[in-house]
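A.B. asks: In our numbering, the protein residues as written are 42 to 387.
Cβ coordinates follow ideal geometry from the N, Cα and C atoms, glycine included.
Note that the structure is predicted; figures quoted are calculated from it, not measured.
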């Protein structure tokens, strides 16, 4: 039988139990999520176009890193009212969410097409990462076992609150990989005519600010370039650009005015940076360490990132583990799993 669910493997249980588990996963894949449906907006033709183009780009990036992306039915994607994810998650998340066991995505729709597309792309990368499930008798039964680089373990023993402890190994690395891929996605989707005007306005606004700081002779050019890379979005960028253009015909005055506007946008929280900065910084440090310690095997950060991304999307842990342990020593892969883990009560 050809399963539509993205899960490639079931760990544990008898053959009969595995068949039952696959049937359960298929049912979860097909079922609607009531908590999402309550806030769902009807998809417009433009929404559908953005979703389709976004999935094509995500699929190409996933395939580039050795994954075998499967189609996600349009009914598994929920376009939600602004603010609804904060309500659904009790304040834990906003903007976008994915349900890995059900293979569903919820993405809020605001005024920005670029934010809508990038949030969807981020959540879609999570779902298109390698997936396996596990059958446990206790404490949780059928659950996600592998999602990309992440591996899940459940335990009631270590919880003194009567709750189940969920430990996600490599959690922060997996998020960093997904976020790095999302940056690549944004670079691609920004070229599309449907998003190009908004993306170019953001780029123009950033250019003024970068030019201002470089012109006044800041000693922290590295920080200026980091700002250039990390600023993803400002509210209503086209009107902001029009205001700067109308302010003066002198480019230096425009640069200064745009920089003052940015300070106000920051105070009013009317801008967004690329996601998961802390996790990506930690990943960059690890990648650089591997490059330096590899005795010439790797020449750049991108070369090592490719190995991590391929493990995330193909599910092949072993190849990455061998590389890391050949450079950092025996047991280092397990240490990284622990170092980049997250634990939560459920």
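1) Assign residue 314 to one of two classes, buried (16 or more other C-beta atoms within 10 Å of its C-beta) or exposed (fewer than that).
2) Less than 8 Å between the CB atoms is what I'm expecting for residue 92 and residue 161, so what's the real figure, rounded?
3) Going along the chain, which residues of its own chain have a beta-carbon closer than 8 Å to the beta-carbon of residue 255, five neighbours each way excluded?
4) Determine which residues share a DSSP beta bridge with residue 191 and list them.
5) Mind checking which residues open and close the alpha helix (DSSP H) that includes residue 263?
6) Run the CB neighbour count on residue 360, radius 10 Å, all protein chains shown included, and call it buried at 16 or more, exposed below.
7) Please determine, among 364, 72, 217 and 289, the residue with the shortest C-alpha to C-alpha distance to residue 326.
8) Quick check on DSSP: helix, strand or coil for residue 42?
9) Rounding to the nearest angstrom, what Cα-Cα distance links residue 332 and residue 57 in this structure?
10) Flag this pair as touching only if the region 208-227 and the region 305-314 have three or more C-beta atom pairs under 8 Å; answer yes or no.
11) According to DSSP, which residues form a beta bridge with residue 52?
12) CB residue 165 to CB residue 96, shorter than 8 Å?
13) Using 10 angstroms around the beta-carbon of residue 155, count the other beta-carbons present and answer buried if the total reaches 16, otherwise exposed.
14) Any chance you could list the beta strand (DSSP E) runs of at least 3 consecutive residues sitting entirely within the region 267-310, in chain order?
15) Per DSSP, which one or two residues make a beta bridge with residue 137?
16) Could you tell me the boundaries of the beta strand (DSSP E) in which residue 314 lies?
17) Helix, strand or coil, according to DSSP, for residue 369 in the structure here?
18) For the ligand GTP, is there a heavy atom less than 7 Å away from the beta-carbon of residue 191?
C.D. replies: Reading off the structure:
1) When all chains shown are included, residue 314 counts as exposed.
2) Their Cβ separation, rounded to whole angstroms, is 6 Å, which keeps residue 92 and residue 161 in contact under 8 Å.
3) If we look at residue 255 and ignore the five residues flanking it on each side, its Cβ neighbours are 262 and 265.
4) Residue pairing for residue 191: DSSP places it in a beta bridge opposite 188.
5) In this chain, the alpha helix (DSSP H) harbouring residue 263 covers 262-271.
6) Around the beta carbon of residue 360, a 10 Å sphere encloses fewer than 16 other beta carbons of the protein chains shown; the residue is thus reported as exposed.
7) Scanning 364, 72, 217 and 289 for the CA closest to the CA of residue 326 turns up 217.
8) Confidence in residue 42 is poor, its pLDDT being 48 and thus under 50, which makes the residue's placement too unreliable to answer from.
9) C-alpha separation (whole angstroms): 46 Å.
10) With the rule of 3 Cβ pairs closer than 8 Å, the region 208-227 does not count as touching the region 305-314.
11) Residue pairing by DSSP puts residue 52 in a beta bridge opposite 175.
12) Closer than 8 Å, so yes.
13) Residue 155 comes out buried.
14) Counting whole runs of 3 or more residues, the region 267-310 contains the beta strand (DSSP E) stretches 272-275.
15) By DSSP's assignment, residue 137 forms a beta bridge with 148.
16) Residue 314 -> beta strand (DSSP E) spans 312-314.
17) In the structure shown, residue 369 adopts helical secondary structure according to DSSP, grouped into three states.
18) With respect to the ligand GTP, the structure offers nothing, as it holds no ligand at all.
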